[in-house]
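When the letters of the sequence shown are read in order and numbered with full-length UniProt numbering, they come out as residues 1 to 83. A virtual CB, placed ideally from N, CA and C, is assigned to each residue, including glycine. Keep in mind it's a predicted model, so treat the numbers as computed, not measured. Have a look at the structure below, then the notes.
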Amino acid sequence: MLISLLLDISLAYMGAAIGGGLAAIGAGIGIGKIGGSAMEAIARQPEASGKIQTAMLVIAALIEVIALFGAVIALLISFKTPV
1 MLISLLLDIS LAYMGAAIGG GLAAIGAGIG IGKIGGSAME AIARQPEASG KIQTAMLVIA
61 ALIEVIALFG AVIALLISFK TPV
């Protein structure tokens, strides 16, 4: 019984760590792609830089919200109380 409980808790911690890490990696990749694409678009059309930067910031904020959601879920999993 005790070993099963400890295994359950340790698997929850491992799952939370992997989930939080994947959320952070995904956000980093997403922000990098958006930043690179925006800079390329501004280089092609400098007169549209204002619209491009606005769209880039909105999408970057949405990506960060998704990453924060992943981190919160990982914390909820790690603070799970044993049954």
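Three-state class that DSSP yields for M1 in the structure shown: Locating residue 1 in the sequence shown gives position 1, counting from the first residue. Coil at M1, not helix or strand.
Runs of alpha helix (DSSP H) lying entirely within the UniProt domain "V-ATPase proteolipid subunit C-like" (14-77), each at least 4 residues, in chain order: none
What number of angstroms, rounded off, separates the C-alpha of S49 from the C-alpha of L57? Against the sequence shown, residue 49 aligns to sequence position 49. Against the sequence shown, residue 57 aligns to sequence position 57. Whole-angstrom Cα-Cα distance: 12 Å.
When you compare only the Cα positions, how much space is there between A67 and L11? Position 67 of the sequence shown, counted from the start, is the residue given in the question as residue 67. Position 11 of the sequence shown, counted from the start, is the residue given in the question as residue 11. Distance between the alpha carbons of A67 and L11: 22 Å.
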